[in-house]
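Structure first, then comments.
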Amino acid sequence: MSTNSDQSLEMSSPKDPITAAYYPELAKIINNDPTSIERLEIECGMCQDKISSPEDKTCNAIIFPCGHMFCPPCVKEYREYNRSNGIPYKCPVCRFDLVGRVCGCPGKDTVFEPTQHQDEGLLTRLQEEISNQEGACVFCQMSMLVNGLRSIALYLHDPAPLIKDGHLLRVRAVKRDDWDVRIESDCSKEIKLLPISPELMELFRIAGDSLAEAWDGPRAPGDDTSPFDFQLALCKSYPEDHELWRHRRGQLEFFSVVKWHKCDITHPGRLAHARKDALELSKAFTSGEAFKKYNEHAANQEWLMGLIFDFIELEEEEMQAAFQRFKVEHPTLYAMAGLPLVGGILLRGYRFGSSLARRIRRGGEDEERSIVE
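Just so we're aligned, residue 1 is where the sequence shown starts under the UniProt record's numbering, counting upward by one.
Pasting the structure below:
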């Protein structure tokens, strides 16, 4: 009994255009008839546009480990959409799991080369690479670095004026020996650059040096140069309808209350907390498992800081009662949030949101379980 691939080979004639966008089928066609590369008319499986040009014998296509082929712009957009929305990365045609790294991103792209001999064992090797999970990709490591450093900077930069003026802090990191390796924690409009104090720069370097060592190995003895250039900037806050606005504002409120204005933490105390966070961030780059653990912790903190800004519309006494119940019924989440009730603390006088109030009143066992897991 012939397979679909065999039928494609049998039905193909020397004048037929080659439209197969499934690599195992395409490889067999080309290996059976090398001249077929002159008749490639392959369409992207997502946008349906042509990804091959018979005139100049080129084919700009990316092969997924499942064998389906797509144009690079669609692959880039698809990956970014999945990453930003927390969607598992799978082939849009067959739903094959494409995760090849501990951060959830795919491994290295495989670009189709329109040569007269194709490797029919390619997919086996690609799928073996996926099964041998790799470390985090450069983008995710750099994102973790600058987002962690932005949080550390808030120990030394009072969040209250930032909240009042509608501003936020942005951290940029650039690898000195490769300027293509650079990233910013935020993309909002820059107002001005801020000086980085020696004590803050020391903390930035603790984390940055650890990441550079993970990439390049230990530095030569006596080499004290920083592998990264860091920049700290004051930027405009995101508009209220932006997906990051809720978290960034919640983070500022959290630091303003817990680390600055309500708990009477001194500058040396904040600096000690900042150093502890910098050391924890540096450990995240030492192994895939450490990266995964830190990333899960950061996701928990992001969830909790987002909830902080959901706390509106409650009067002070009602909010205090809600927090006390939250503390008793969900001690794990309460400890993770780091929100001590000292002398009737209010988050800058905000009335807490009905969304979280309802969760606290009825209990949040399912949410606590999902966060802890």
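Glycine included, every Cβ here is placed at the ideal spot set by N, Cα and C.
Checklist entry - Can you list, in chain order, the stretches of the alpha helix (DSSP H) that have 4 or more residues and sit fully within the segment 137-187? => result Restricting attention to alpha helix (DSSP H) runs no shorter than 4 residues, the segment 137-187 encloses them at 138-153 and 159-165, ordered along the chain.
Next on the checklist: For a minimum of 4 consecutive residues, which ranges assigned as the alpha helix (DSSP H) are wholly contained in the segment 13-45?
Outcome noted: Within the segment 13-45, the complete alpha helix (DSSP H) runs of at least 4 residues are 23-32.
Checklist entry - Nearest to T124 by alpha carbon, out of Y155, Y78, S143 and I63? => result Selected option, being the one with the closest Cα: I63.
Next on the checklist: Residues in the same chain with beta-carbon distance under 7 Å from D49, minus the five sequence neighbours each way, listed in chain order, please.
Outcome noted: Closer than 7 Å at the Cβ level, and outside the excluded window around D49, lie E43 and C71.
Next on the checklist: Taking the straight line between their C-alpha atoms, what separation do you get for G148 and A278?
Outcome noted: Roughly 8 Å between the two C-alpha positions.
Next on the checklist: Between R248 and S237, how many whole angstroms is the CB-CB distance? I'm expecting something under 8 Å.
Outcome noted: A Cβ-Cβ distance of about 7 Å is found for the pair R248 and S237, placing them in contact under the 8 Å criterion.
Next on the checklist: Check whether the segment 136-155 and the segment 90-106 are in contact - that is, three or more C-beta pairs closer than 8 Å.
Outcome noted: For the pair of segments examined, the segment 136-155 was found to touch the segment 90-106: the number of CB pairs separated by less than 8 Å reaches three.
Item to check | C47 classed as buried or exposed, judged by whether at least 16 other C-beta atoms fall within 10 angstroms | outcome: Looking at its Cβ environment, which holds fewer than 16 other Cβ atoms inside 10 Å, C47 is exposed.
Item to check | One or two residues paired with S52 in a DSSP bridge | outcome: In DSSP, S52 forms a bridge with C59.
Checklist entry - By DSSP, does C235 sit in helix, in strand, or in coil? => result Of the three classes helix, strand and coil, the one that applies to C235 here is strand, per DSSP.
Checklist entry - Nearest-angstrom Cα distance between P268 and I152? => result P268 and I152: Cα-Cα distance of roughly 14 Å.
Next on the checklist: I'd like the list of long-range same chain contacts for H117, defined as Cβ closer than 8 Å, with 5 residues on each side in sequence excluded.
Outcome noted: So the list reads I30, N31 and P34, once near-sequence residues are dropped.
Checklist entry - From S210 to D216, what does the alpha carbon distance come to, in whole angstroms? => result A direct Cα-Cα distance of roughly 10 Å separates S210 from D216.
Checklist entry - Name the DSSP bridge partner or partners of D97? => result Paired residues: K90.
Next on the checklist: Relative to the C-alpha of L154, which candidate in T115, Q127, L194 and G121 has its C-alpha closest?
Outcome noted: Considering only T115, Q127, L194 and G121, the residue with the shortest C-alpha distance to L154 is L194.
Item to check | Rounded C-alpha distance that separates residue 374 from T225 | outcome: Shown here, the chain extends from 1 to 373; a query on residue 374 therefore has no answer.
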